[in-house]
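Enquirer:
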Amino acid sequence: MSKKQSPSPIETIEEMQNDLPYDEPIDKKDYKQDLRSLQIELLKAQRHIKAIGKRVVILFEGRDAAGKGGSIKRFRQHLNPRGSEHVALAKPNDAEVTQWFFQRYVPHLPSAGEITMFDRSWYNRAGVEKVMGFCTPQEHALFLRQVPAFEQSLVSSGIMVFKMWFTVSQGRQKLRFDDRREDPLKQWKLSPIDEVSVAKYDEYTDARNEMLLATDTLVAPWTIINSNEKRRARLGAIRSVLHALDYEHKDHDIVGEPDPRVVRTAHSVFIDN
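Residues in the sequence shown are numbered from 333 upward in steps of one, following this note's numbering.
In structure tokens form, the structure reads like this:
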């Protein structure tokens, strides 16, 4: 754990977005130890989910370079691939453009005993599509009206839905883009849309705020992850899901409570402020 904590509690999403959770990063040895312990708990949870036929959906959302992919990798690293799916859909094809917006996501929803992780999901419409002009204002407004009912239907059918928004500062996002640009092993991660998103940072912020106001519900609430420090963000994301799951042989000492400097509900840092 860090030796020096930031002086005041986080009260708004802007504070989470613009600040590191602690003055010092987590020690690498501590990080690896905590990650291994939490991944063992994920395996316990997966076995229980399979045994009782539970269905779990986890949405990973946030700005480009916010650390969604790295968190998904740590979630899935040791899970049994038979029972955990990673979904990262490409842009809609000509046929999908004519369908009901949610239609192409439905085939990827989990069957009994499965966990599905969406690397970006239907919330693309509330972010990238809105900001980049890939949908009309009418389509965007319709999405915001329909998504609470869509998610209500998922939860009513027995699917557990976790929605995580990874927030990152403008400066740190730019540094990560620069790293991708210079590293030949990461250049594939950098798209023309990523380049444009730097200039549209404030527009993405406005779109996010509108989305949270419209879609943070009691049955499918948003969890905000401070991803300015990737390692703590990964641990916090895993811990937040494990904390909400009931499963056999759960080690409550290891899972513990999500760190409020890293993980907060949307209500506590945005909607109530």
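Cβ coordinates follow ideal geometry from the N, Cα and C atoms, glycine included.
1) Which residue comes first and which comes last in the beta strand (DSSP E) that contains residue 571?
2) Is residue 379 closer than 8 Å to residue 459 when the C-beta atoms are compared?
3) Give the secondary structure of residue 345 by DSSP, where H, G and I count as helix, E and B as strand, and everything else as coil.
4) Among all the DSSP beta bridges, which residues are the ones paired with residue 392?
5) Please classify residue 544 as buried or exposed, where buried requires at least 16 other C-beta atoms within 10 Å of its C-beta.
6) Enumerate in chain order the residues of its own chain whose CB-to-CB distance from residue 588 is below 6 Å, with the five nearest sequence positions on each side excluded.
7) Which residues bound the beta strand (DSSP E) around residue 541?
8) Assuming contact is defined by CB atoms lying nearer than 8 Å, are residue 497 and residue 557 in contact in what I supplied?
9) Which value, in whole angstroms, describes the spacing of the CA atoms of residue 444 and residue 382?
10) Work out the CA separation of residue 392 and residue 586 for me, nearest whole Å.
11) When you compare only the Cα positions, how much space is there between residue 493 and residue 347?
Expert: With the given structure in hand:
1) Where residue 571 is concerned, there is no enclosing beta strand (DSSP E), although the alpha helix (DSSP H) it sits in stretches over 562-576.
2) no
3) helix
4) 451 and 496
5) buried
6) none
7) Note, residue 541: premise wrong, no beta strand (DSSP E); alpha helix (DSSP H) at 533-547.
8) yes
9) 7 Å
10) 23 Å
11) 26 Å
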